[in-house]
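In this note's numbering, the protein residues as written are 2 to 231.
Note that beta-carbon positions come from the ideal geometry of N, C-alpha and C, so glycine has one too.
For clarity, every value in this text was computed on a predicted model and none was experimentally measured.
Below: one structure, written as structure tokens.
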Amino acid sequence: MALALDFGGTLARPGPNPDAATVTEVLRGLPGASIPDGFAAVFDQVARRVRAADRQRGEQTAFAEQVRLAALESGAVLDDPAAATRAVFTAVPDAEIDARAARALRELHDSGLICVLACDTQRPESVRRRTLRDAGISDCFDALVLSSTLGVRKPHPRFYAAVVEATGCPAAEILFVGDTPAKDVIGPRTHGMRAVLISAEGRPAELDPAIGVIAHLAELPAYLESLHER
């Protein structure tokens, strides 16, 4: 059996996204960069345009590509958008991993579950791996499935196909756990997986009664044990 685990709102408290002013400040500190005064406004315009197009296609444009487009349109000089992206997400804190959730993950991993992180994020894989490493749980994940790497976000079918491939298990043997019904429950179930919703407010009225609901990831080991006993 494998566990596919969401990140923000499930394993961690959501972190901030970089605003245009922060991006501009970080880029101006990079060697060889020349960032004009109008860059922040252009970056905002590019980000809005890209988000709208991505929503229509169900895709995700890499943050580095947004930076490259903003540099091109503003006349900025920037040697390496990928390095710029790493610098931005080093300056902007990632989400804070919940200690109780981390302990539950450790217990589940040590019990023999294959564990895959499966989440939407703008952050590159190197940054997310650093966050997991700093929290002492990087070894708990057999693979990372990130929208920033795939180029598609949940609930795109390619995302769930990548989760199945990453686990190496049949879809029916994968339990997807997250806090967003459409992305972490309905989407996975549509693609043959099982799912558990994390909801501190309790079961949503419209949710299928057959779907398990827990208030916090810390409850997942006991929930799985109860299923095993039944």
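> Which residues bound the alpha helix (DSSP H) around residue 40?
Replying inline: 40-58
> Are three or more beta carbon pairs between the region 71-83 and the region 34-45 nearer than 8 angstroms?
Replying inline: yes
>> With a threshold of 8 angstroms on Cβ separation, who are the neighbours of residue 137 within its own chain once the five nearest residues in sequence on each side are excluded?
In response: 103
> Going along the chain, which residues of its own chain have a beta-carbon closer than 8 angstroms to the beta-carbon of residue 25, five neighbours each way excluded?
Replying inline: 36, 40, 41, 44
> Roughly how many angstroms separate the alpha carbons of residue 170 and residue 22, rounded to a whole number?
Replying inline: 44 angstroms
> For residue 118, which option in 9, 228, 229 has the closest C-alpha, if you only look at C-alpha atoms?
Replying inline: 9
> Whose C-alpha, out of 90, 62, 64, 6, is nearest the C-alpha of residue 128?
Replying inline: 90
>> List, from N- to C-terminal side, the alpha helix (DSSP H) runs of 4 residues or more that fit wholly inside the region 70-100.
In response: 82-92
> Which two residues bound the contiguous beta strand (DSSP E) that contains residue 214?
Replying inline: 213-215
>> Do residue 143 and residue 115 have their beta-carbon atoms positioned less than 7 angstroms apart in this structure?
In response: yes
> What is the DSSP secondary structure of residue 116, reduced to helix, strand or coil?
Replying inline: strand
>> At the level of alpha carbons, what is the spacing between residue 64 and residue 152?
In response: 10 angstroms
> Rounded to whole angstroms, how far is the Cβ of residue 236 from the Cβ of residue 3, which I believe are closer than 8 angstroms?
Replying inline: No statement about residue 236 is possible, as the shown extent of the chain runs from 2 to 231 and does not include it.
>> Considering only their Cβ atoms, is the gap separating residue 108 from residue 222 smaller than 7 angstroms?
In response: yes
>> Can you tell me where the alpha helix (DSSP H) holding residue 218 begins and where it ends?
In response: Careful: residue 218 lies outside any alpha helix (DSSP H) and carries neither H nor E.
> Which partner residues does residue 199 have in the DSSP bridge list?
Replying inline: 215
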